[in-house]
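Colleague: Before I ask anything, let me first share the structure, which is written out below as structure tokens.
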Amino acid sequence: MPHDEDDLLPISALQHLLFCERQCALIHVERLWEENRWTAEGQILHKKAHEGKPETRDRERITRGLPLRSYHLGLFGMADIVLWRPPPQQQSRSQTLRQAITSATADELTEWSITPVEYKRGRPKKNDCDRVQLCAQAICLEEMLGVQVPVGQLFYGTKRRRFDVEFTPQLRDTTAEAARRFHALMAAGITPTAMYEKKCDTCSLLEVCLPNTSSEQSAAMYIERVLKSAIASDLP
Amino acid sequence: MKTHLNTLYVTKQGAYLAKDGAAVVVRVDKKPQLRLPLHNLDGIVVFGHVGCSPALMAAAASAGVSISLLTEYGRFLAAIVGFTSGNVLLRREQYRRADDSEKTLALARSFVQGKLMNARTVLLRAARDANEGERKETLTATAKRLSGRLVEVNQATTTDILRGLEGEAATQYFAAFPSLLTRPAKAFNFTKRSRRPPLDPINALLSFVYSLLLHDVRSACEATGLDSVVGYLHRDRPGRPSLALDLMEEFRPYLADRLVFSLVNRQQVTASGFETQETGGVVMDDQTRKRVLVAWQERKQEEIKHPYTGDRMTVGLLPHIQARLLARHLRGDLDAYPPFIWK
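Residue numbers (the working numbering), protein chains in the order written: chain A, 53 to 288; chain B, 995 to 1337.
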């Protein structure tokens, strides 16, 4: 089901959703955001990745900070870097990248190699969140340009190298499903209840979320207990 | 991670605050006197005739540092804050509950319970340290009276009844105030709470510290995305920060009153630091005001274990945590609002 332009939600939220639905709701429904060391490092890294002019290296063109959207997923966002490699027969260097893409026929375009690259601080993660974010960018590129984007790359700060990510049907399904859940979460406007888990300790929203205090402990019973013991000690 | 950062208080009349890179510079007579990075601050409070450059206001607003403008004597005039933070859904829920008399009563009750419990503890702690019979007796007896009020607060069926009980309790609590002084001095006689204007040094100190507390609580509400003017215990009145006043109740005895009495008891403020105006109002001199600000800042640096969440934190973070617990309750995570109850 295609979305309207007004409906589009940020791609970057998918990583929050996959990390924790409550974190996602706290940030995007409740608009709470706490900077911590990791988020600040991430911001600096992205800023660096977006800076700089488009360039061409070894026939490969590089764009930075490219705006993207998909009506199908209902998402918008920005690609840190996209690498564009034209097929060998299309070599006219005088053309801008935009001219080259728009003048190419649909068949010619399928021969382009278009690769989104996402910069991440730290090391590769166990869960899908970075791959899903990248896959959403690929789906946006495909939808906007009518091209195929089979592979992307994730660059991890700690490893200082790029890892290929293949956009398999499963990964595309996971991405579409995440986008669907994110839209449902935003439409409901309800923040899911917290469940404390080990990963909470690394979450920048720990002190806003207060996962230990929700659901487990009744505040009403806490108040009653404290009051009772105070009053009992004073009154006969 | 939210930490409690410094608040910059500027009392120097004629000072000018400007932006210098990512820092705030305080100039007096065009000479820079102080330079602080904005990211080390969570608020700037200026008293009286102090200027602020538009560039600083914008930078502070975007860095989430609120600037509060107070009169020279600490009355709140205006705040410069960035875009309304937080979530429209939270705010709507806040308004809906304010329109619902039962839900208003439940929240108002929590605020009053917090206040009375903490007032009671302040009295009992002082009674424990008091050795003379009469003071000890007054303090203990008043604490018991407050317990009686707490029972009635539990049974109150309307917010108006609750407000009445709160008023009675406040009168009883303030009647026991002189007994909180360990060394009775004529200059620090206190008979009752007076605000406009404060008619004695204790009242002047209370008013000033309450205004510092209000600034912090109000900032905490705004930073959490709550609307600081729509309250429950305090009725709406244009210009009145009712929710901030609600949330402030539980902190008055614990943070403000105790500070005032320790300043007097430790002789950190003296009678000569106060001046009586023609109409009987009492104001403090610059030096006394500075001492209060320093003591307030030090107080906020102290560490405490939060009685409900069990987390260790600075005292200065308490208003933020309480504002968050309130938001959590409004959003349905908590079945009640647990006020801060000092043990």
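Even for Gly, the Cβ is constructed at its ideal location relative to N, Cα and C.
(1) Since asparagine 1081 of chain B meets chain A, which of its residues come closer than 8 angstroms, beta carbon to beta carbon?
(2) Using a Cβ-Cβ distance cut-off of 8 angstroms, determine whether alanine 271 of chain A contacts chain B.
(3) For alanine 1214 of chain B versus alanine 1049 of chain B, is the C-beta spacing smaller than 8 angstroms?
(4) Name the chain B residues whose beta carbon is nearer than 8 angstroms to that of glycine 198 of chain A?
(5) Taking only the alpha-carbon atoms, compute the straight-line gap between alanine 1092 of chain B and tyrosine 1226 of chain B and give it to the nearest angstrom.
(6) Against chain B, with Cβ distances strictly below 8 angstroms, would isoleucine 275 of chain A count as a contact?
(7) Against alanine 1124 of chain B, what residues of chain A qualify as contacts under a CB-to-CB distance less than 9 angstroms, listed in chain order?
(8) Among the residues of its own chain, which have a CB less than 6 angstroms from the CB of aspartate 1210 of chain B, if the five just before and after it don't count?
(9) Would you say glycine 241 of chain A lies against chain B (beta-carbon separation less than 8 angstroms)?
(10) Who are the Cβ neighbours of threonine 1176 of chain B in its own chain at under 6 angstroms, not counting the five residues just before and after it?
(11) Are the beta-carbon atoms of proline 168 of chain A and glycine 129 of chain A separated by less than 8 angstroms?
(12) Does threonine 1152 of chain B pass the burial test, meaning 16 or more other C-beta atoms within 10 Å, or should it be called exposed?
(13) Taking a Cβ distance cut-off of 9 angstroms, strictly less, list which residues of the segment 1321-1332 of chain B are near chain A, in chain order.
(14) So the candidates are A:Asp182, A:Leu197, A:Cys181, A:Ile191; which of them puts its Cα closest to the Cα of tryptophan 164 of chain A?
(15) Against chain A, with Cβ distances strictly below 8 angstroms, would glycine 1076 of chain B count as a contact?
(16) Between the Cα of lysine 280 of chain A and those of B:Leu1220, B:Ile1298, B:Thr1273, B:Leu1144, spot the shortest distance and give me the residue it belongs to.
(17) Can you look up lysine 1299 of chain B in the DSSP assignment and give me helix, strand or coil?
(18) What in chain B is Cβ-close to threonine 245 of chain A, meaning under 9 angstroms?
(19) Could you give the distance in angstroms between the alpha-carbon of leucine 1028 of chain B and the alpha-carbon of leucine 84 of chain A?
(20) For alanine 239 of chain A versus aspartate 1329 of chain B, is the C-beta distance shorter than 8 angstroms?
(21) Would you please state the rounded distance, in angstroms, between the beta carbons of alanine 1137 of chain B and arginine 1114 of chain B? I believe it to be under 8 angstroms.
(22) Are the beta-carbon atoms of alanine 190 of chain A and phenylalanine 219 of chain A separated by less than 8 angstroms?
(23) Against chain B, does alanine 236 of chain A count as a neighbour if the rule is that its beta carbon must be under 8 angstroms from one of theirs?
(24) Using a C-beta to C-beta distance shorter than 7 angstroms, which residues of chain B count as neighbours of aspartate 286 of chain A?
(25) Of the choices B:Arg1285, B:Gln1295, B:Tyr1248, whose alpha-carbon is the least far from that of alanine 1120 of chain B?
(26) Based on DSSP bridge pairs, tell me the residues matched to lysine 250 of chain A.
(27) What do you reckon, are the CB atoms on valine 199 of chain A and threonine 162 of chain A nearer than 8 angstroms?
(28) Using a Cβ-Cβ distance cut-off of 8 angstroms, determine whether isoleucine 283 of chain A contacts chain B.
(29) Taking the straight line between their C-alpha atoms, what separation do you get for threonine 1185 of chain B and serine 285 of chain A?
(30) Phenylalanine 1202 of chain B and glycine 1068 of chain B - do their beta-carbons sit closer together than 8 angstroms?
(31) Taking C-beta to C-beta, are leucine 61 of chain A and leucine 135 of chain A nearer than 8 angstroms?
(32) Can you list, in chain order, the stretches of the beta strand (DSSP E) that have 3 or more residues and sit fully within the segment 1257-1287 of chain B?
(33) Note the first and the last residue of the continuous beta strand (DSSP E) segment covering serine 1062 of chain B.
(34) Using a C-beta cutoff of 8 angstroms, does arginine 1114 of chain B count as contacting chain A?
(35) Just the Cα atoms here: how many angstroms apart are proline 139 of chain A and glutamate 73 of chain A?
Modeller: Looking at the coordinates:
(1) Ordered by position in chain A, the residues that pass the 8 angstroms Cβ test against asparagine 1081 of chain B are Val81, Glu82, Arg83, Leu84.
(2) yes
(3) no
(4) None at all; the shortest Cβ gap to chain B is about 38 angstroms.
(5) 6 angstroms
(6) yes
(7) Near alanine 1124 of chain B there are no residues of chain A at all, since even the closest Cβ is about 17 angstroms away, more than 9 angstroms.
(8) Pro1313
(9) yes
(10) Asn1259
(11) Taking a C-beta distance under 8 angstroms as the contact criterion, proline 168 of chain A and glycine 129 of chain A do not qualify as a contact pair.
(12) exposed
(13) Against chain A - using a Cβ distance shorter than 9 angstroms - the residues of the segment 1321-1332 of chain B are Ala1321, Arg1322, His1323, Arg1325, Gly1326, Asp1327, Leu1328, Asp1329, Ala1330, Tyr1331, Pro1332.
(14) When each option's Cα is compared against that of tryptophan 164 of chain A, the closest is A:Leu197.
(15) No, no contact with chain A.
(16) B:Leu1144
(17) strand
(18) Gly1326, Asp1327
(19) 32 angstroms
(20) no
(21) About 5 angstroms separates the CB atoms of alanine 1137 of chain B and arginine 1114 of chain B; that is less than 8 angstroms, so the two are in contact.
(22) yes
(23) no
(24) By Cβ distance, chain B contributes Ala1137, Lys1138, Ser1141.
(25) B:Tyr1248
(26) Answer is none; lysine 250 of chain A lacks a bridge partner.
(27) yes
(28) yes
(29) 29 angstroms
(30) yes
(31) No, the Cβ-Cβ distance between leucine 61 of chain A and leucine 135 of chain A is not below 8 angstroms.
(32) 1268-1270, 1276-1278
(33) Its beta strand (DSSP E) spans residues 1060-1064.
(34) yes
(35) 42 angstroms
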